[in-house]
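Numbering (my numbering), first residue to last: 12 to 276. Virtual Cβ for every residue (Gly too), placed ideally from N, Cα, C. Bear in mind that the values here come from a model prediction, so they are computed numbers and not experimental data. In what follows, a single structure is set out as C-alpha coordinates and then discussed.
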Amino acid sequence: MELLEALIVGVIQGITEWLPISSEGVISLVLINFFSKPFSEAVTFSLWLHTGTLLAATLYFKSDLIRLISSAGNYLNDIRGAPTEESRLISFLIVSTFFTGILGLPIFIFGIEKVEFSSNYATALIGVLLIITGLIQKFSRDFLGHRINATIGDGILAGSLQALAIFPGLSRSGLTISALLLRGFNAKTALRLSFLMSIPAVLMAEAALLILKKTVVDISMLVAMVASFTFGYFTIHTFMKVAEKINFSSFCIGLGFLTLASLML
(Lines of atoms letter the chains of each structure in order from A; the text may use other names.)
(Lines give C-alpha, C1' and ligand atoms only; values in the text may rest on other atoms or scores of the structure.)
Protein backbone atom coordinates (compact mmCIF):
# COMPACT_ATOMS: atom_id res chain seq x y z
CA MET A 12 0.00 0.00 0.00
CA GLU A 13 1.20 3.52 -0.82
CA LEU A 14 2.18 5.62 2.18
CA LEU A 15 -0.39 8.32 1.35
CA GLU A 16 -3.14 5.69 1.19
CA ALA A 17 -2.01 4.28 4.54
CA LEU A 18 -2.01 7.76 6.08
CA ILE A 19 -5.51 8.53 4.80
CA VAL A 20 -7.12 5.33 6.11
CA GLY A 21 -5.23 5.68 9.40
CA VAL A 22 -6.72 9.13 9.92
CA ILE A 23 -10.20 7.82 9.02
CA GLN A 24 -9.83 5.00 11.55
CA GLY A 25 -8.72 7.38 14.28
CA ILE A 26 -11.77 9.57 13.74
CA THR A 27 -14.50 7.00 13.06
CA GLU A 28 -13.60 4.33 15.63
CA TRP A 29 -15.35 6.19 18.46
CA LEU A 30 -18.61 6.60 16.54
CA PRO A 31 -21.11 3.73 16.03
CA ILE A 32 -20.84 3.87 12.23
CA SER A 33 -18.52 0.89 11.49
CA SER A 34 -15.03 2.29 10.97
CA GLU A 35 -14.17 -1.05 9.34
CA GLY A 36 -17.03 -0.63 6.88
CA VAL A 37 -16.08 2.96 6.01
CA ILE A 38 -12.40 2.08 5.55
CA SER A 39 -13.22 -1.03 3.51
CA LEU A 40 -15.37 1.10 1.20
CA VAL A 41 -12.47 3.53 0.74
CA LEU A 42 -9.92 0.76 0.15
CA ILE A 43 -12.13 -1.14 -2.29
CA ASN A 44 -13.59 1.73 -4.30
CA PHE A 45 -10.85 4.38 -4.21
CA PHE A 46 -7.64 2.37 -3.76
CA SER A 47 -8.74 -0.75 -5.72
CA LYS A 48 -7.97 -3.27 -2.97
CA PRO A 49 -9.65 -6.71 -2.98
CA PHE A 50 -12.27 -7.42 -0.32
CA SER A 51 -10.20 -9.72 1.92
CA GLU A 52 -7.19 -7.38 1.84
CA ALA A 53 -9.40 -4.39 2.66
CA VAL A 54 -10.94 -6.15 5.66
CA THR A 55 -7.57 -7.42 6.91
CA PHE A 56 -5.99 -3.97 6.70
CA SER A 57 -9.06 -2.45 8.37
CA LEU A 58 -8.58 -4.86 11.27
CA TRP A 59 -4.88 -3.96 11.51
CA LEU A 60 -5.78 -0.27 11.85
CA HIS A 61 -7.49 -1.08 15.16
CA THR A 62 -4.01 -1.54 16.65
CA GLY A 63 -3.57 2.24 16.75
CA THR A 64 -6.98 2.96 18.25
CA LEU A 65 -6.44 0.08 20.70
CA LEU A 66 -3.42 1.95 22.07
CA ALA A 67 -5.46 5.16 22.20
CA ALA A 68 -8.31 3.44 24.08
CA THR A 69 -5.82 1.84 26.50
CA LEU A 70 -4.40 5.25 27.38
CA TYR A 71 -7.84 6.84 27.66
CA PHE A 72 -9.17 4.10 29.97
CA LYS A 73 -5.89 3.64 31.87
CA SER A 74 -7.43 4.46 35.25
CA ASP A 75 -10.14 1.81 34.73
CA LEU A 76 -7.57 -0.72 33.56
CA ILE A 77 -5.20 -0.02 36.47
CA ARG A 78 -8.08 -0.45 38.92
CA LEU A 79 -9.07 -3.76 37.30
CA ILE A 80 -5.50 -5.06 37.30
CA SER A 81 -5.07 -4.04 40.93
CA SER A 82 -8.21 -5.90 41.96
CA ALA A 83 -7.46 -9.00 39.85
CA GLY A 84 -5.59 -10.65 42.73
CA ASN A 85 -8.78 -10.76 44.79
CA TYR A 86 -11.00 -11.77 41.89
CA LEU A 87 -11.56 -15.42 42.83
CA ASN A 88 -12.32 -14.56 46.45
CA ASP A 89 -14.70 -11.79 45.39
CA ILE A 90 -16.77 -13.93 43.04
CA ARG A 91 -17.11 -16.64 45.70
CA GLY A 92 -18.45 -14.13 48.20
CA ALA A 93 -20.06 -10.76 47.53
CA PRO A 94 -18.89 -9.64 44.05
CA THR A 95 -17.53 -6.11 43.87
CA GLU A 96 -18.05 -3.73 40.95
CA GLU A 97 -14.53 -4.55 39.73
CA SER A 98 -15.02 -8.33 39.94
CA ARG A 99 -18.30 -8.07 38.02
CA LEU A 100 -16.57 -6.04 35.34
CA ILE A 101 -13.69 -8.52 35.12
CA SER A 102 -16.18 -11.38 34.70
CA PHE A 103 -17.99 -9.42 31.99
CA LEU A 104 -14.72 -8.77 30.12
CA ILE A 105 -13.56 -12.40 30.38
CA VAL A 106 -16.87 -13.78 29.11
CA SER A 107 -17.33 -11.21 26.35
CA THR A 108 -13.76 -11.74 25.09
CA PHE A 109 -14.21 -15.53 25.14
CA PHE A 110 -17.38 -15.44 23.07
CA THR A 111 -15.91 -12.90 20.67
CA GLY A 112 -12.96 -15.21 20.12
CA ILE A 113 -14.78 -18.51 19.65
CA LEU A 114 -17.23 -16.94 17.21
CA GLY A 115 -15.11 -14.27 15.53
CA LEU A 116 -11.96 -16.25 14.70
CA PRO A 117 -13.77 -19.00 12.72
CA ILE A 118 -15.77 -16.34 10.85
CA PHE A 119 -12.53 -14.62 9.84
CA ILE A 120 -10.52 -17.75 9.03
CA PHE A 121 -13.21 -19.73 7.18
CA GLY A 122 -15.34 -16.84 5.94
CA ILE A 123 -13.65 -13.51 5.31
CA GLU A 124 -10.33 -15.08 4.34
CA LYS A 125 -11.82 -17.69 2.01
CA VAL A 126 -14.48 -15.70 0.17
CA GLU A 127 -13.54 -13.06 -2.37
CA PHE A 128 -16.18 -10.66 -3.65
CA SER A 129 -16.00 -8.35 -6.62
CA SER A 130 -15.83 -4.67 -5.69
CA ASN A 131 -19.54 -4.24 -6.52
CA TYR A 132 -20.68 -7.19 -4.41
CA ALA A 133 -18.42 -6.11 -1.54
CA THR A 134 -19.77 -2.56 -1.71
CA ALA A 135 -23.36 -3.84 -1.78
CA LEU A 136 -22.71 -6.11 1.23
CA ILE A 137 -21.24 -3.26 3.25
CA GLY A 138 -24.16 -1.00 2.29
CA VAL A 139 -26.73 -3.55 3.45
CA LEU A 140 -24.89 -4.19 6.72
CA LEU A 141 -24.68 -0.44 7.41
CA ILE A 142 -28.45 -0.23 7.02
CA ILE A 143 -28.88 -3.16 9.43
CA THR A 144 -26.54 -1.44 11.92
CA GLY A 145 -28.62 1.73 11.70
CA LEU A 146 -31.92 -0.08 12.18
CA ILE A 147 -30.62 -1.92 15.25
CA GLN A 148 -29.42 1.35 16.79
CA LYS A 149 -32.71 3.08 16.00
CA PHE A 150 -34.68 0.34 17.75
CA SER A 151 -32.43 0.12 20.82
CA ARG A 152 -32.68 3.82 21.70
CA ASP A 153 -36.20 3.20 23.00
CA PHE A 154 -34.83 0.95 25.78
CA LEU A 155 -32.64 3.30 27.82
CA GLY A 156 -32.45 2.07 31.41
CA HIS A 157 -30.52 2.70 34.60
CA ARG A 158 -28.36 -0.41 35.07
CA ILE A 159 -24.64 0.06 35.78
CA ASN A 160 -23.37 -3.43 36.73
CA ALA A 161 -22.76 -6.00 33.98
CA THR A 162 -23.52 -9.71 34.34
CA ILE A 163 -22.34 -12.93 32.68
CA GLY A 164 -25.42 -12.84 30.46
CA ASP A 165 -24.53 -9.33 29.31
CA GLY A 166 -21.04 -10.56 28.45
CA ILE A 167 -22.34 -13.50 26.40
CA LEU A 168 -24.71 -11.30 24.39
CA ALA A 169 -22.33 -8.37 23.86
CA GLY A 170 -19.35 -10.64 23.13
CA SER A 171 -21.29 -12.66 20.56
CA LEU A 172 -22.45 -9.51 18.76
CA GLN A 173 -18.93 -8.08 18.90
CA ALA A 174 -17.76 -11.13 16.95
CA LEU A 175 -20.20 -10.34 14.13
CA ALA A 176 -18.51 -6.96 13.69
CA ILE A 177 -15.80 -8.82 11.75
CA PHE A 178 -18.12 -8.13 8.81
CA PRO A 179 -17.48 -4.60 7.50
CA GLY A 180 -20.62 -2.53 7.86
CA LEU A 181 -21.69 -4.05 11.18
CA SER A 182 -20.49 -1.52 13.72
CA ARG A 183 -18.80 -3.13 16.73
CA SER A 184 -19.69 -0.29 19.06
CA GLY A 185 -23.11 0.11 17.47
CA LEU A 186 -24.03 -3.55 18.03
CA THR A 187 -22.61 -3.85 21.54
CA ILE A 188 -24.00 -0.53 22.78
CA SER A 189 -27.41 -1.42 21.32
CA ALA A 190 -27.31 -4.82 23.05
CA LEU A 191 -26.45 -3.23 26.38
CA LEU A 192 -29.18 -0.61 25.99
CA LEU A 193 -31.66 -3.41 25.31
CA ARG A 194 -30.43 -5.04 28.53
CA GLY A 195 -31.38 -1.90 30.47
CA PHE A 196 -28.11 0.03 30.74
CA ASN A 197 -27.95 3.79 30.44
CA ALA A 198 -26.14 5.29 27.44
CA LYS A 199 -23.00 6.37 29.34
CA THR A 200 -22.45 2.96 30.95
CA ALA A 201 -23.18 1.11 27.70
CA LEU A 202 -20.61 3.24 25.87
CA ARG A 203 -17.97 2.69 28.57
CA LEU A 204 -18.53 -1.08 28.67
CA SER A 205 -18.47 -1.29 24.88
CA PHE A 206 -15.05 0.31 24.59
CA LEU A 207 -13.59 -1.48 27.61
CA MET A 208 -14.59 -4.83 26.12
CA SER A 209 -13.01 -3.82 22.82
CA ILE A 210 -9.52 -3.64 24.35
CA PRO A 211 -8.93 -7.38 25.07
CA ALA A 212 -10.92 -8.37 21.97
CA VAL A 213 -8.89 -6.19 19.62
CA LEU A 214 -5.65 -7.29 21.30
CA MET A 215 -6.65 -10.91 20.67
CA ALA A 216 -7.65 -10.16 17.07
CA GLU A 217 -4.36 -8.39 16.29
CA ALA A 218 -2.34 -11.25 17.79
CA ALA A 219 -4.30 -13.75 15.68
CA LEU A 220 -3.82 -11.60 12.59
CA LEU A 221 -0.04 -11.51 13.05
CA ILE A 222 0.30 -15.19 14.01
CA LEU A 223 -2.23 -16.93 11.75
CA LYS A 224 -1.49 -14.87 8.65
CA LYS A 225 2.23 -14.60 9.49
CA THR A 226 1.93 -10.91 8.75
CA VAL A 227 5.14 -8.95 8.28
CA VAL A 228 4.61 -5.37 9.42
CA ASP A 229 5.86 -2.99 6.73
CA ILE A 230 6.30 0.78 6.68
CA SER A 231 2.81 1.46 5.31
CA MET A 232 1.25 -0.53 8.16
CA LEU A 233 3.30 1.42 10.69
CA VAL A 234 2.29 4.75 9.12
CA ALA A 235 -1.38 3.74 9.23
CA MET A 236 -1.09 2.56 12.85
CA VAL A 237 0.63 5.76 14.00
CA ALA A 238 -1.98 7.88 12.21
CA SER A 239 -4.88 5.94 13.73
CA PHE A 240 -3.32 6.17 17.21
CA THR A 241 -2.58 9.90 16.94
CA PHE A 242 -5.96 10.95 15.60
CA GLY A 243 -7.72 8.40 17.79
CA TYR A 244 -6.09 9.65 20.98
CA PHE A 245 -6.93 13.28 20.31
CA THR A 246 -10.53 12.63 19.24
CA ILE A 247 -11.68 9.87 21.61
CA HIS A 248 -12.94 12.12 24.42
CA THR A 249 -14.89 14.47 22.17
CA PHE A 250 -16.37 11.82 19.90
CA MET A 251 -17.38 9.53 22.76
CA LYS A 252 -19.34 12.46 24.20
CA VAL A 253 -20.91 12.95 20.78
CA ALA A 254 -21.74 9.24 20.48
CA GLU A 255 -23.37 9.31 23.92
CA LYS A 256 -25.74 12.12 23.00
CA ILE A 257 -26.42 11.68 19.27
CA ASN A 258 -28.25 8.80 17.61
CA PHE A 259 -26.22 7.76 14.57
CA SER A 260 -28.85 5.36 13.24
CA SER A 261 -29.97 7.76 10.51
CA PHE A 262 -26.36 8.33 9.45
CA CYS A 263 -25.73 4.57 9.09
CA ILE A 264 -28.98 4.01 7.21
CA GLY A 265 -28.32 7.00 4.94
CA LEU A 266 -24.73 5.95 4.25
CA GLY A 267 -25.91 2.42 3.50
CA PHE A 268 -28.47 3.61 0.95
CA LEU A 269 -25.94 6.01 -0.59
CA THR A 270 -23.49 3.13 -0.90
CA LEU A 271 -26.11 1.01 -2.68
CA ALA A 272 -27.16 3.94 -4.86
CA SER A 273 -23.54 4.50 -5.95
CA LEU A 274 -23.60 1.09 -7.62
CA MET A 275 -26.37 2.25 -9.95
CA LEU A 276 -24.48 5.30 -11.23
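| Query | Result |
| --- | --- |
| Alpha helix (DSSP H) containing V213: first to last residue? | 198-223 |
| What are the start and end residues of the alpha helix (DSSP H) that includes N88? | 86-91 |
| Would you mind stating whether A53 and S39 have Cβ atoms separated by less than 7 Å? | yes |
| Could you give the distance in angstroms between the alpha-carbon of T270 and the alpha-carbon of G36? | 11 Å |
| For R158, which three-state DSSP category applies? | strand |
| Hey, quick one: how far does the alpha helix (DSSP H) through P117 stretch, first residue to last? | 96-118 |
| Can you confirm whether the region 257-267 touches the region 74-86 when touching is taken to mean that 3 or more C-beta pairs between the two stretches lie within less than 8 Å? | no |
| Given a cut-off of 7 Å on the beta-carbon distance, is the pair T111 and A212 in contact? | yes |
| Exposed or buried, which one is T226 when buried takes at least 16 other CB atoms within 10 Å? | exposed |
| Could you tell me the distance, in whole angstroms, from the CA atom of F121 to the CA atom of T187? | 23 Å |
| Rounded to whole angstroms, what is the Cα-Cα separation between R194 and F154? | 8 Å |
| With a CB to CB cut of under 7 Å and the five nearest residues on each side skipped, what residues in its chain are close to S189? | I147, Q148, S151 |
| Quick check: G115 and I177, are their CB atoms within less than 7 Å of each other? | yes |
| Between the C-alpha atoms of V20 and L214, what's the straight-line distance to the nearest angstrom? | 20 Å |
| Pick from Q173, P179, K224: whose alpha carbon is nearest that of Y132? | P179 |
| Beta-carbon separation of G243 and A17 under 7 Å? | no |
| Express the C-alpha separation of F119 and E127 in angstroms, rounding to a whole number. | 12 Å |
| First and last residue of the alpha helix (DSSP H) that includes S47? | Where S47 is concerned, there is no enclosing alpha helix (DSSP H), given that its DSSP letter is neither H nor E. |
| Whole angstroms is fine: what's the gap from I101's alpha carbon to L172's? | 19 Å |
| Assuming S33 is part of the alpha helix (DSSP H), what are its boundary residues? | Per DSSP, S33 belongs to no alpha helix (DSSP H) and is neither H nor E. |
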